[in-house]
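K.L.:
Shown below is the structure under consideration.
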Amino acid sequence: MIFSSLNSTNDFSLCPSAIRRAVEYLKTTDFFHMEPGDYPLEGNLMYVKVFDQTSIPFEDTRPEIHHHYADVQYWPEGEDLAGITPNPGTYAVAEAHESDDLYFLEDIQNESFIHCLPGCIAVYFPWDVHRPSVAYEGKPITYRKVVVKVHMDLMKDSI
12 MIFSSLNSTN DFSLCPSAIR RAVEYLKTTD FFHMEPGDYP LEGNLMYVKV
62 FDQTSIPFED TRPEIHHHYA DVQYWPEGED LAGITPNPGT YAVAEAHESD
112 DLYFLEDIQN ESFIHCLPGC IAVYFPWDVH RPSVAYEGKP ITYRKVVVKV
162 HMDLMKDSI
């Protein structure tokens with residue numbers, strides 16, 4: 012997992028080039044004038060999902076993983092909490108949506124939370140269990156979120 016901010020001084024130069032391309036796209040795109048939906052960047056290997064969503068109480072959220080894609084999540088506005096824990100490969104899948112590369116997990120352990128504010132980015136790899144959209148301090152808000160989906164085949168290039 013990588014957690015940072017587009018407003019930081021990080022140059023992301025040690026990240027795989029696919030992650031650098033996703034971050035550059037996030038830095039140079041005005042998401043406030045885009046309609047919610049899916050937009051191709053590099054065909055099915057990299058695409059963006061723009062959401063208008065409402066954060067939800069912890070007890071109504073579910074931890075998830077992806078097998079084939081990394082998520083580069085970005086908060087252009089609003090805030091939420093994001094749960095994170097390593098995936099030991101032993102958690103039971105409660106619900107699978109294979110066509111969307113989305114797998115909700117049953118009980119997980121050792122979950123930590125990060126407070127995601129405007130400008131934050133979080134990169135979740137298939138070995139990272141993550142729980143998105145948890146309402147900060149239990150107070151749901153509506154906000155815009157952007158997720159660049161990066162196929163793991165794009166990670167095989169050199170830094």
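Each residue of the sequence shown is one higher than the one before, starting from 12 at the first, in the working numbering. Where is the CB? At the ideal position from N, CA and C, for every residue including glycine. Small disclaimer: the values here were computed from a predicted structure and weren't measured.
Taking only three categories from DSSP, how would you classify R73?
P.N.:
In the sequence shown, the residue the question calls residue 73 occupies position 62. The answer is coil: DSSP assigns R73 none of H, G, I, E or B.
K.L.:
Compute the beta-carbon to beta-carbon distance between V158 and V83, rounded to the nearest angstrom, for a pair I have assumed lies under 8 Å.
P.N.:
Your numbering for residue 158 matches position 147 in the sequence shown. Your numbering for residue 83 matches position 72 in the sequence shown. Contact holds; Cβ gap of about 7 Å.
K.L.:
Name the two residues that bound the continuous alpha helix (DSSP H) containing T39.
P.N.:
On the sequence shown, position 28 is the one that residue 39 refers to. It spans 28-39 - the alpha helix (DSSP H) in which T39 sits, taken as one unbroken run.
K.L.:
In whole angstroms, what separates the C-alpha of D41 from that of P99?
P.N.:
Residue 41 sits at position 30 when you count from the first residue of the sequence shown. Residue 99 sits at position 88 when you count from the first residue of the sequence shown. Whole-angstrom Cα-Cα distance: 37 Å.
K.L.:
Closest by CA to F124, which one among L113, A105, S110, P97?
P.N.:
One-based indexing of the sequence shown puts residue 124 at position 113. Of the candidates L113, A105, S110, P97, the one whose C-alpha sits nearest the C-alpha of F124 is P97.
K.L.:
Excluding five sequence neighbours on each side, which residues of the same chain lie with their C-beta closer than 6 Å to the C-beta of F115?
P.N.:
As a first step, residue 115 must be located in the sequence shown, where it is residue number 104. The residues are R73, E75, A105, E106.
K.L.:
Secondary structure at L165, three-state DSSP: helix, strand or coil?
P.N.:
One-based indexing of the sequence shown puts residue 165 at position 154. Correct three-state label for L165: helix.
K.L.:
Any idea what DSSP makes of G149, helix, strand or coil?
P.N.:
As a first step, residue 149 must be located in the sequence shown, where it is residue number 138. Looking at G149 - three-state DSSP - the assignment turns out to be helix.
K.L.:
Indicate whether at least one CB of chain C lies closer than 8 Å to the CB of L128.
P.N.:
This model lacks chain C altogether; it includes just one protein chain.
K.L.:
Where does H44 sit, in a helix, a strand or coil, going by DSSP?
P.N.:
Within the sequence shown, residue 44 is the residue found at index 33, counting from 1. H44: helix per DSSP, three-state reduction.
K.L.:
Determine the closest residue to I13 out of L92, D139, Y50, T153, with distance taken between C-alpha atoms.
P.N.:
Position 2 of the sequence shown, counted from the start, is the residue given in the question as residue 13. Of the listed residues, the one whose Cα sits closest to I13 is D139.
K.L.:
Among K160, D164, R155, which one has its Cα closest to the Cα of D91?
P.N.:
As a position in the sequence shown, residue 91 is number 80, starting the count at 1. When the alpha-carbon of D91 is set against those of K160, D164, R155, the nearest one is in R155.
K.L.:
Can you pull the DSSP bridge partners for L113?
P.N.:
Indexing the sequence shown from 1 puts residue 113 at position 102. H108.
K.L.:
If you follow the beta strand (DSSP E) that P97 is in, where does it begin and where does it stop?
P.N.:
In the sequence shown, counting from the first residue as 1, residue 97 sits at position 86. 91-97 is the span of the beta strand (DSSP E), which, as asked, contains P97.
K.L.:
Taking 8 Å as the cut-off, does the region 18-27 touch the region 59-68 (at least 3 CB pairs, one atom from each stretch)?
P.N.:
No: the two stretches stay apart, fewer than three of their Cβ pairs being nearer than 8 Å.
K.L.:
Less than 8 Å separating the beta-carbons of D112 and H141?
P.N.:
On the sequence shown, residue 112 is found 101 positions in, with the first residue counted as 1. On the sequence shown, residue 141 is found 130 positions in, with the first residue counted as 1. Cβ distance not < 8 Å, so D112 and H141 don't count as in contact.
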